[in-house]
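**Student:**
In the working numbering, the protein residues as written are 5 to 683.
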């Protein structure tokens, strides 16, 4: 039987035929696609014809299209629905993909052709997309070792090979360590303080594990966060806190300490081979921030403005806890007491809000926001194949009936799914000749599952998470352009969070909440007093949260600015790196470590880029001020954002795109105002 990954996809809009794909199909498909890509490279390299933009630059863009299609399906499954076999395939395939990338970027013959076209760029009459593709292709070669001698190219290949294996192993260890732990509670009195829905979910989890009559809590966020926030049993909070904080830090099979050291070392080696002082210098060559100094200056400026508020907030929580019987406030007590203070201060309770945020209603709400802003319509399609029964599938069209995208939504935790939330694509947008491929976009989250008595009810934080990931999805769906490597979310890393973070702002507006925030049992609209409380409490602990994000950004930069790439001890390094942003009353807890599970920077592509979240917050706060001035559903403003940001991808310089939308460069004051750090 033919391998379904190698046959044309005879499905809705060429969507992935998941039900036909088996694990054993991947290795042969990868091998065939890699072989095909190598043939295409060879043709470009050995062609005796005069190199042209089309025969070199465009053909390079398309030389591994089949491989890209197979890779996107495989690696998305490895994140959202993995198993031992898939992880084993990933370890086998990743070095091959790394090798192929180097076969292209270190190919002297091809680089000479790219260079000759690049040197003629001003005389070729290229349009803006063609010019950008040429510039990107040339810099990809130049920044990845094309001009190195053969000996150094060989060393670079070895380094890239190690890096591809290490980041995979890091992620596998985090997933395995997360899945390995379960806290079993046998007495209901030990669950005092927990909302009924949380207890019901824990009972359901126990039942699934064959422990009926007990309660099971895991390190998955929908289980971990509510327990840490509401459980009155301090001893159990401490136990769960240590289990979470010591993942991959216990010296056992899933320990990531050596992996972190090696990742930092090999990244540093790569940067040095390519002529950079450190890995951060190398990464920031293609970022809005442009240099590590600019990033550190930006983060330190935020730290300076946030610290007084953060210190006062910590004092408030500790004073409140002690006034209510606590003798000490440890890290495992922080969420518990800060939630109690928030509830008292703003008379707001996440559990009281949840009935208004039924998952299906929130999803329909974000669809309606997309319709009002960008004329998009979402139609459920049950004929689209999917990789798990929980996944929902939609066709996206505009008001004229034009097909825009296929959209997948995957919301609940599973053993084979990594933690957190993300947006991804199974296919990007591109135009080849008269044929346009529209994108296949997915968002993946880990929300509380429905129970036997309740639907999935989201916390307000989960509502903003859904809007955040959907903002990324819009960036992917609304892509318009010729080349997939320049469209959708293919933008500078510190620009990619703007579309996601800006959409979160709509969650706080009455006009938006009226669309979906209705009680799941009575249909009653969320009361105005609740909305007022959501807004009033939105800056609660904002100084502390800002300082926390800054500390993660600075830790990331410290790892990747090392002159020699040597980390002697991960625990000591982390402690020293985070000391400037720590608050004495909430010191580091021995036996826990963040770095060994810091998947963003050691697995997920945010190395020397974690600052991007705060950087993009400046952009999003500034951008939303314009929507507030004009009206949050103002068509003219929405069209401008769509035309200048969402649909343009990486075709133009991000700051130019932003200024075209906003009429000015972003001002940090907008963020500080929204955070309550600037009066």
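Don't be surprised by glycine CBs; every beta carbon is placed ideally from N, CA and C.
For residue 425, which of helix, strand or coil comes out of DSSP?
**Tutor:** Translated into positions along the chain shown, residue 425 becomes position 421. If DSSP states are grouped into helix, strand and coil, residue 425 belongs with coil.
**Student:** Over what stretch of residues does the beta strand (DSSP E) that includes residue 688 continue unbroken?
**Tutor:** Residue numbering for the chain in the displayed model covers 5 to 683; residue 688 lies beyond these limits and cannot be assessed.
**Student:** Hey, quick one: how far does the alpha helix (DSSP H) through residue 413 stretch, first residue to last?
**Tutor:** Your numbering for residue 413 matches position 409 in the chain shown. Run containing residue 413: none in the alpha helix (DSSP H); it sits in the beta strand (DSSP E), 407-414.
**Student:** Rounded to whole angstroms, how far is the Cβ of residue 226 from the Cβ of residue 382, which I believe are closer than 8 angstroms?
**Tutor:** The count along the chain shown starts at 1 and reaches residue 226 at position 222. The count along the chain shown starts at 1 and reaches residue 382 at position 378. Incorrect: roughly 25 angstroms between the Cβ atoms, too far for contact.
**Student:** Using 8 angstroms as the cut-off, can you tell me whether the segment 521-539 makes contact with the segment 317-324, which would need three or more C-beta pairs spanning the two stretches below that distance?
**Tutor:** Verdict: no, contact absent.
**Student:** Assuming the contact rule is C-beta atoms closer than 8 angstroms, residue 181 and residue 258 should be a hit. Round their C-beta distance to whole Å, please.
**Tutor:** Indexing the chain shown from 1 puts residue 181 at position 177. Indexing the chain shown from 1 puts residue 258 at position 254. Yes, residue 181 and residue 258 are in contact; Cβ-Cβ is about 4 angstroms, under 8 angstroms.
**Student:** At a cut of 8 angstroms, does the segment 399-409 reach the segment 472-486 through at least three beta carbon pairs?
**Tutor:** Yes, the segment 399-409 touches the segment 472-486.
**Student:** May I ask you to report which of helix, strand or coil DSSP gives residue 188?
**Tutor:** In the chain shown, the residue the question calls residue 188 occupies position 184. Correct three-state label for residue 188: strand.
**Student:** I'd like to check one pair, residue 560 with residue 602: are the Cβ atoms closer than 9 angstroms?
**Tutor:** Within the chain shown, the letter at position 598 stands for residue 602. Within the chain shown, the letter at position 556 stands for residue 560. It is a contact, given that the beta carbons lie within the stated cut-off.
**Student:** For residue 432 versus residue 492, is the C-beta spacing smaller than 9 angstroms?
**Tutor:** To locate residue 432, count along the chain shown from 1; it is residue 428. To locate residue 492, count along the chain shown from 1; it is residue 488. Yes, they are a contact pair.
**Student:** Report yes if the CB atom of residue 448 is closer than 9 angstroms to the CB atom of residue 83, and no otherwise.
**Tutor:** Numbered from 1 along the chain shown, position 444 holds the residue referred to as residue 448. Numbered from 1 along the chain shown, position 79 holds the residue referred to as residue 83. Closer than 9 angstroms, so yes.
**Student:** Taking a contact to mean a Cβ-Cβ separation below 9 angstroms, would you say residue 333 touches residue 10 in this structure?
**Tutor:** Locating residue 333 in the chain shown gives position 329, where the first residue counts as 1. Locating residue 10 in the chain shown gives position 6, where the first residue counts as 1. No, the pair does not count as a contact, with Cβ atoms beyond the cut-off.
**Student:** Where DSSP assigns a beta bridge to residue 362, which residues make up the other side?
**Tutor:** Here residue 362 refers to the residue found at position 358 of the chain shown. Answer is 461, bridged to residue 362.
**Student:** So within the segment 160-241, which uninterrupted alpha helix (DSSP H) runs reach at least 4 residues, ignoring any that extend past its ends?
**Tutor:** Runs found: 200-212 and 225-234.
**Student:** Which residue from 133, 203, 12 and 109 puts its Cα closest to that of residue 652?
**Tutor:** Residue numbering aside, residue 652 sits at position 648 when the chain shown is read from its first letter. Comparing Cα-Cα distances from residue 652 to each of 133, 203, 12 and 109, the minimum goes to 133.
**Student:** Taking just the CA atoms, how far does residue 106 sit from residue 46?
**Tutor:** Translated into the one-based positions of the chain shown, residue 46 becomes position 42. Translated into the one-based positions of the chain shown, residue 106 becomes position 102. Residue 46 and residue 106: Cα-Cα distance of roughly 14 angstroms.
**Student:** So the candidates are 509, 370, 88 and 459; which of them puts its Cα closest to the Cα of residue 179?
**Tutor:** Taking the first residue of the chain shown as position 1, residue 179 is located at position 175. Nearest C-alpha to residue 179: 88.
**Student:** Taking DSSP's pairing of strands, which residues face residue 378 in a bridge?
**Tutor:** One-based indexing of the chain shown puts residue 378 at position 374. Answer is none; residue 378 lacks a bridge partner.
**Student:** What are the boundary residues of the alpha helix (DSSP H) that residue 541 is part of?
**Tutor:** Stepping through the chain shown from its first residue, residue 541 is reached at position 537. Segment 532-541, the alpha helix (DSSP H) holding residue 541.
**Student:** Can you tell me whether residue 331 is helix, strand or coil according to DSSP?
**Tutor:** Stepping through the chain shown from its first residue, residue 331 is reached at position 327. Three-state result, residue 331: coil.
**Student:** Counting only runs that start and end within the segment 542-611, where is the alpha helix (DSSP H) found for 4 or more residues in a row?
**Tutor:** With a minimum length of 4 residues, the continuous alpha helix (DSSP H) runs that stay inside the segment 542-611 are 546-564, 574-582 and 603-606.
**Student:** According to DSSP, what are the bridge partners of residue 446?
**Tutor:** For the purposes of this step, residue 446 is taken as the residue at position 442 of the chain shown. Answer by DSSP bridge pairing, in chain order: 412 and 428.
**Student:** I'd like the span of the beta strand (DSSP E) that includes residue 399, first residue to last.
**Tutor:** Numbered from 1 along the chain shown, position 395 holds the residue referred to as residue 399. Element bounds for residue 399: 396-402.
**Student:** Use the C-beta contact count for residue 190: other C-beta atoms within 10 angstroms, 16 or more gives buried, fewer gives exposed.
**Tutor:** Sequence index remark: in the chain shown, residue 190 carries index 186 (1-based). Answer is exposed; the Cβ neighbour count stays below 16.
**Student:** Mind checking which residues open and close the alpha helix (DSSP H) that includes residue 265?
**Tutor:** As a working mapping, residue 265 is identified with position 261 in the chain shown. Where residue 265 is concerned, the enclosing alpha helix (DSSP H) stretches over 261-277.
**Student:** Output yes or no for whether 9 angstroms exceeds the beta carbon distance between residue 364 and residue 459.
**Tutor:** Along the chain shown, one-based indexing puts residue 364 at 360. Along the chain shown, one-based indexing puts residue 459 at 455. Going by C-beta atoms, residue 364 is nearer than 9 angstroms to residue 459.
**Student:** If you pair each beta-carbon of the segment 456-476 with each one of the segment 355-372, do three or more pairs fall below 8 angstroms?
**Tutor:** Flag = yes, the segment 456-476 and the segment 355-372 touch.
**Student:** Going by Cα to Cα distance, which pick from 277, 420, 466 and 620 is closest to residue 367?
**Tutor:** Here residue 367 is taken as the residue at index 363 of the chain shown, counted from 1. Per the Cα distances, 466.
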